[in-house]
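Notes follow once the structure below has been shown.
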Amino acid sequence: MSSITTHPAGHDTEHHAGYHPGGFARWLTTTNHKDIGTMYLTFSLIMFFVGGLMILAVRAELFQPGLQLMKPEFFNQLIGVHALVMIFAALMPAATGFANWMIPLMIGAPDMALPRLNNWGFWLLPPAAILLTLPFTLALFGVGDGAIATGWTFYAPLSVQGGMGIDFAILSVHILGISSIMGSINIIVTIFNMRAPGMTMMKLPIFAWGWLITAFLLIATLPVLAGAVTMLLTDRHFGTHFFDAAGGGDPILFQHLFWFFGHPEVYILLLPVWGLIPHVLSTFSRKPIYGYKAQVYSFIAIGVLSVIVWAHHILTSGLPIPALIYFMFSTMAISLPLAVLFFCWIATMWKGAMTFETPMLFAIGFIVLFGIAGLTGLILADVAADAQYHHSYFVVAHFHYALFAGGIMGVMTGVYYWLPKWTGHMYSETLGKWHFWLTVVSFNLTFIPQFFLGLAGMPRRIPDYALQFAEFNAISTIGAFILGISQLLFAWNVWACVRGGRKATGRVWEGAEGLEWELPSPPPYHSWEIQPQVK
Amino acid sequence: MTSVTLESPTMNNMAGDVVVWLKKAVCLLTPFILPGIANAAYNFNFPEPVTPVARETLHVHNEFMLIITILFVVVFAIMIYSMIKHRKSVGHQPTKFTGPSGGLQWFWALVPFAILLFIDFILMGIPAVNALVDMEDTKTRADMVLKVTGMQWKWQYEYPEAGVKFISTLSTPREQISNAEAKGKHYLLEVDNPVVLPVGKKVRILLTSTDVIHTWWVPQFGVKRDAIPGFLRETWVKIEKPGTYRGQCAELCGKDHGFMPVVVHAVTEPEYLAWLEEKKVQAKAAAGGADRTWSSDELMTKGQEVYEKQCAVCHQPNGLGMPPAFPALSGSPIVKGPLLAKDGKILKDSHVDRVLNGKAGTAMQAFRNTLSDVELAAVITYERNSFGNRQGDMIQPAQIKALR
Chain C
778 MSSITTHPAG
788 HDTEHHAGYH
798 PGGFARWLTT
808 TNHKDIGTMY
818 LTFSLIMFFV
828 GGLMILAVRA
838 ELFQPGLQLM
848 KPEFFNQLIG
858 VHALVMIFAA
868 LMPAATGFAN
878 WMIPLMIGAP
888 DMALPRLNNW
898 GFWLLPPAAI
908 LLTLPFTLAL
918 FGVGDGAIAT
928 GWTFYAPLSV
938 QGGMGIDFAI
948 LSVHILGISS
958 IMGSINIIVT
968 IFNMRAPGMT
978 MMKLPIFAWG
988 WLITAFLLIA
998 TLPVLAGAVT
1008 MLLTDRHFGT
1018 HFFDAAGGGD
1028 PILFQHLFWF
1038 FGHPEVYILL
1048 LPVWGLIPHV
1058 LSTFSRKPIY
1068 GYKAQVYSFI
1078 AIGVLSVIVW
1088 AHHILTSGLP
1098 IPALIYFMFS
1108 TMAISLPLAV
1118 LFFCWIATMW
1128 KGAMTFETPM
1138 LFAIGFIVLF
1148 GIAGLTGLIL
1158 ADVAADAQYH
1168 HSYFVVAHFH
1178 YALFAGGIMG
1188 VMTGVYYWLP
1198 KWTGHMYSET
1208 LGKWHFWLTV
1218 VSFNLTFIPQ
1228 FFLGLAGMPR
1238 RIPDYALQFA
1248 EFNAISTIGA
1258 FILGISQLLF
1268 AWNVWACVRG
1278 GRKATGRVWE
1288 GAEGLEWELP
1298 SPPPYHSWEI
1308 QPQVK
Chain B
2 MTSVTLESPT
12 MNNMAGDVVV
22 WLKKAVCLLT
32 PFILPGIANA
42 AYNFNFPEPV
52 TPVARETLHV
62 HNEFMLIITI
72 LFVVVFAIMI
82 YSMIKHRKSV
92 GHQPTKFTGP
102 SGGLQWFWAL
112 VPFAILLFID
122 FILMGIPAVN
132 ALVDMEDTKT
142 RADMVLKVTG
152 MQWKWQYEYP
162 EAGVKFISTL
172 STPREQISNA
182 EAKGKHYLLE
192 VDNPVVLPVG
202 KKVRILLTST
212 DVIHTWWVPQ
222 FGVKRDAIPG
232 FLRETWVKIE
242 KPGTYRGQCA
252 ELCGKDHGFM
262 PVVVHAVTEP
272 EYLAWLEEKK
282 VQAKAAAGGA
292 DRTWSSDELM
302 TKGQEVYEKQ
312 CAVCHQPNGL
322 GMPPAFPALS
332 GSPIVKGPLL
342 AKDGKILKDS
352 HVDRVLNGKA
362 GTAMQAFRNT
372 LSDVELAAVI
382 TYERNSFGNR
392 QGDMIQPAQI
402 KALR
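Heads up: the protein sequence lines correspond to chains C and B, in order. Going by our numbering, the first residue of the first sequence is number 778, and it counts up by one from there. Going by our numbering, the first residue of the second sequence is number 2, and it counts up by one from there.
Dropping the structure here:
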């Protein structure tokens, strides 16, 4: 380790020697953190559109009452695979792509600590995504009855009863889990060992702190998911009864195990975003990050709390009163560190000199809309009111405010912020602003009606609905289509920026601070071969 | 877009309920976006509560919505103020502070924290615990018990004290779902046998399931509880107002999850007792039929009726099923197999065995507890002699009774 961090200037020639294939072999064999980061981000963008197309088909079916386009079985497959794709193949790889690209640049390291593991971690993703979606294709040829139809939650015994799509999904989740754990190990090792001399943990860029907590959460909770789905697999094929009351098992055990992973997963998706938002706010307010320590401690507090609140996802399953009270209050407690984060974000903007380029717009949009997610989350924690919200469209709206406005808009913030650094070109600011406003307006048009649908009593995951829900569903579908189509602007903007455009300076943004902005844009293939000194 | 004006559960307008009006203001914009639906009914809050629990839940919900709306407005008003005042284009010079310094700033930094602590654990926490304790009090002074069993994709209701039980399935015609017919007023929220409960009585509801997890939900009761196979869960209702209340299964339970509604008729006690008597007479008549010998035609007619209600959802009205999940009955080796063993007992994995005992790990459920002797005999006979199956044999209700 120390031989890397104190690595003398004369040795860097050996890095340039060796095998440099071109074309596809370059990407297959690369161990360069920038290449791997690019691959993660590209994969994520593709899967974002795959998952988006699935849900547009669902929204089209829900445009009017009655079954128009598909059978209920296929509807159930689409909603579950949409969620799995968006979570595991779009959001998580996007965050890992950011980490690969930015953490070494930000902490002054020449690469990730474990480059070969890094390569393997990425190349596990495409096979996993294929496994997840293959049953759709197989069903067309009369093999099996399609993909997993239980929703992304795999709840037993429905998943014990299901077809081979479930087995494909279990295997896929195993592979995705291995990939994520390897990525996490790599990030932890890199942050602990490869920081530039003088960069103490409390001088670490806050983005790296967000990812560090995410990495620990992944290592703590993914094995539990892997265990749960393995138990499901043995229940399905080898006659065990973990989740079957007739054999002494309990279906609710599955829900506990699943959400022990599932709840921290929300923070796994959000912490990298929470880490990058302060950088963006600070840059465009031309003012240092407010409350760095308070934010870091809040990240840690949220990380700890996130693993002890899982049962608020199953409050209607008949838990005893003491458990209900405990999970209600522990869930509400998360609002305290979260409020500290909101306070610090707004205080970072306060008395700055703000300009509103696209990344700043997305960051502000993120804060407002994620605020709605946080506040509705607070009332969802309440057991009595939750009896009405639970399993309803209110919950669907809530978690899309958390994961689309909080997760995906956060990722878009990062992409617009760092794209000039990665490509050396400026993206089109006009297109970026169009993309922002279309996204924010159509997102709310899609999901505000869903809050009302939930309150009025529409359950989630139904392919057809009573007539009193018709109007809001129609509005929601129109919103979803505008939202989906607007994302093409994003893809075009990114593509055009990769191909060319106005040259970006090294610093890119007037107010940008940090090691990554000391390098030229784009940074050389091998950067920080001589580690910088941090004062 | 449907232009039908719908009967909607009346919106609960608590006087001065700011939240509802705020939301309404937002949604008043929608007619401009979609002029065609300007006359349609919109619900912006829970439907009218008819039980003490639902009323308390609505109260808690309204209070919380008010709190979070205020939090939202205050916090983002501060942010928007900053966005207007502290911008580069108006020449604002950035300051350099990175945290609170001095007593006053620490005070301002800690005030929001303290307010939130108070809101979470006192203002929201105490009413929430009170409502919760009340909601979970299923045992005190319960007047009667209703047992609800979820099964794919219908509900069974049982009145253990009266010995009455029956199955409640969706009655919306398939033609309406496939858009071949105009949709009725209660599209997807109507059943053949609604569950009847007396008003003003505390009903303890026990829930379980025979296959996967279902969730029994009637929004106007403020009750939602999972029905879990192999376990009993409980909840309670005390309906205050006669009427018909509609809800749905709320947990994804397979292909027809969207098609298993809950319909409750709340009536006065004398009406309830009269209904219960009638049900008992019906049950006795049905059981009585088991002792006589049925003709082939009678069994086929009855069998078709049962098949369409219980079996056609999966095995399809034409008996072709939806393989591989739901096999065809037409030409099925199981249906074409022998009816009973030589000694008159059930043959393992035979047609009778499947219908009575189901198949573990699949959606094929055991019908022995949900169908009567007559219904079982009729539907087995019907399946063996329809969809191109010509077994020519039949089974009598009395035989089923003996096999149980």
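Each residue gets a CB set at the ideal place from its N, CA and C atoms; glycine is no exception.
So, for Pro903 (chain C): in the same chain, excluding its five sequence neighbours on each side, which residues have a beta-carbon less than 8 Å away from its beta-carbon?
Phe820
Who are the neighbours of Ile990 (chain C) on chain B, taking C-beta pairs under 9 Å?
Result: empty, since nearest Cβ-Cβ is about 21 Å, beyond 9 Å.
Give me the subset of the segment 239 to 263 of chain B whose CB atoms are less than 9 Å from a CB atom of chain C, sorted by chain position.
Arg247, Gly248, Gln249, Cys250, Ala251, Glu252, Leu253, Cys254, Gly255, Lys256, Asp257, His258, Gly259, Phe260 and Pro262
Separation of Phe993 (chain C) from Ile965 (chain C), as counted between CA atoms:
8 Å
Alpha helix (DSSP H) segment containing His266 (chain B), residue limits:
His266 (chain B) -> not in any alpha helix (DSSP H); beta strand (DSSP E) instead, spanning Pro262 to Val268.
Straight-line gap, Val827 (chain C) to Phe1267 (chain C) (C-alpha atoms, nearest Å)
15 Å
Kindly list, in the order they appear in chain C, the residues whose Cβ is closer than 9 Å to that of Gly393 (chain B).
What Gly393 (chain B) touches in chain C: nothing, since even the nearest Cβ is about 33 Å away.
Compute the Euclidean distance between the alpha carbons of Gln938 (chain C) and Ile229 (chain B), then round it to the nearest angstrom.
15 Å
Just the Cα atoms here: how many angstroms apart are Phe1133 (chain C) and Phe1061 (chain C)?
7 Å
Output yes if chain C places a C-beta closer than 7 Å to the C-beta of Val61 (chain B); else output no.
yes
Pairwise C-alpha distance: Ala1130 (chain C) and Val1311 (chain C):
27 Å
For a contact meaning CB atoms closer than 7 Å, what does Ala1243 (chain C) contact in chain B?
Tyr188, Leu189 and Leu190
With DSSP as the reference, identify every bridge partner of Phe327 (chain B), one or two as the case may be.
B:Met323
Would you verify that the beta carbon of Ile813 (chain C) is, or is not, closer than 7 Å to some beta carbon of chain B?
no
Tell whether a beta-carbon distance below 7 Å holds between Asn892 (chain C) and Tyr817 (chain C).
Asn is not the amino acid found at residue 892 (chain C); the sequence shown has Pro there. Their beta carbons are not under 7 Å apart, which means Pro892 (chain C) does not touch Tyr817 (chain C) by this criterion.
For Ile952 (chain C), collect the residues of the same chain with a Cβ closer than 6 Å to its Cβ; drop the 5 residues on either side in sequence, then sort them by chain order.
Leu901 and Ala905
How would you label Trp107 (chain B), buried or exposed, when you count the other beta carbons within 10 angstroms and need 16 or more for buried?
exposed
What are the boundary residues of the alpha helix (DSSP H) that Lys155 (chain B) is part of?
Element bounds for Lys155 (chain B): not the alpha helix (DSSP H) but the beta strand (DSSP E), Lys155 to Tyr160.
Looking at the unbroken beta strand (DSSP E) that takes in Pro199 (chain B), where does it start and where does it end?
Val196 to Pro199
With a threshold of 7 Å between beta-carbons, can Ile1259 (chain C) be considered close to chain B, or not?
no
So, using beta-carbon positions, are Gly885 (chain C) and Gly1261 (chain C) closer together than 7 Å?
no
Enumerate in chain order the residues of its own chain whose CB-to-CB distance from Met976 (chain C) is below 8 Å, with the five nearest sequence positions on each side excluded.
Ile884, Gly885 and Val1311
Kindly provide the ranges of any alpha helix (DSSP H) runs that are 4 or more residues long and lie completely inside the segment 870 to 906 of chain C, ordered along the chain.
892 to 900
Could you tell me the alpha carbon to alpha carbon distance between Ser331 (chain B) and Ser387 (chain B), rounded to whole angstroms?
8 Å
Could you check which residue in C:Ala1164, C:Pro1301 and C:Gly1209 has the C-alpha nearest to that of Trp237 (chain B)?
C:Ala1164
Bridge partners - Lys166 (chain B), DSSP secondary structure assignment
B:Glu159
Given 8 Å as the limit, is there contact between the segment 1015 to 1024 of chain C and the segment 1071 to 1083 of chain C, that is, 3 or more CB pairs closer than that?
no
Which runs of the alpha helix (DSSP H) at least 4 residues long sit entirely within the segment 973 to 1057 of chain C? Give them in chain order.
983 to 1014
In the DSSP output, what is Gln397 (chain B) paired with across the bridge?
Paired residue(s): none; Gln397 (chain B) is not in a bridge.
Strictly below 7 Å CB to CB, what residues from chain D border Val1160 (chain C)?
You won't find chain D in this structure, because its protein chains are C and B.
To the nearest angstrom, report how far apart Gly1184 (chain C) and His1177 (chain C) are at their CA atoms.
9 Å
Nearest candidate by alpha-carbon position, reference Pro982 (chain C), set C:Ile1066, C:Gly1283, C:Arg1237 and C:Arg1276:
C:Ile1066
Proximal residues to Tyr246 (chain B) (C-beta, below 7 Å), its chain only, five neighbours per side dropped:
Val51, Val219, Gln221, Phe222, Val265 and Ala267
Taking Lys86 (chain B) as part of the beta strand (DSSP E), name the residues at either end of that continuous run.
No beta strand (DSSP E) contains Lys86 (chain B), which is instead part of the alpha helix (DSSP H) from Pro53 to Lys86.
Using a Cβ-Cβ distance under 7 Å, would Asp121 (chain B) count as near chain C?
yes
Does the beta carbon of Met152 (chain B) come closer than 7 Å to any beta carbon on chain C?
no
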